[in-house]
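Heads up, the thing below is written out as structure tokens.
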Amino acid sequence: MYRFIPIIGLIETGGREIVEASPRDDLWGSGAEGTGKNWLGKILVKLRERLCKQEQA
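Those letters in the sequence shown? Residues 154 to 210, per this note's numbering, in order.
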């Protein structure tokens, strides 16, 4: 698993959900039960959306 996803790799994830599959982190990741906040994944999705908008302009 990558610690940092290069910009091209991030864009190549398309419209898929991005999840930090960390069983020990309920805030930045999905947590052990998959019910975490997944803030890291959400931030990466927002970044991907911005990058795709810039690429289209």
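The beta carbon of each residue, even a glycine, is placed where N, CA and C say it ideally should be.
Cα-Cα separation between residue i and residue j, rounded to whole angstroms
i: P159; j: R201; result: 11 Å
i: G208; j: I171; result: First, the residue type needs correcting, since residue 208 is Glu and not Gly in the sequence shown. Going from the Cα of E208 to the Cα of I171 covers about 20 Å.
i: G182; j: S175; result: 5 Å
Beta-carbon proximity check, residue i vs residue j, cutoff 9 Å
i: G167; j: D179; result: no
i: L204; j: E173; result: no
i: G187; j: R177; result: no
CB contact check: residue i to chain D, cutoff 9 Å
i: C205; result: The chain inventory of the structure shown lacks chain D, comprising one protein chain alone.
Please confirm if the stretch 195-209 is in contact with the stretch 161-180, defined as three or more CB-CB distances below 8 Å between the two stretches. yes
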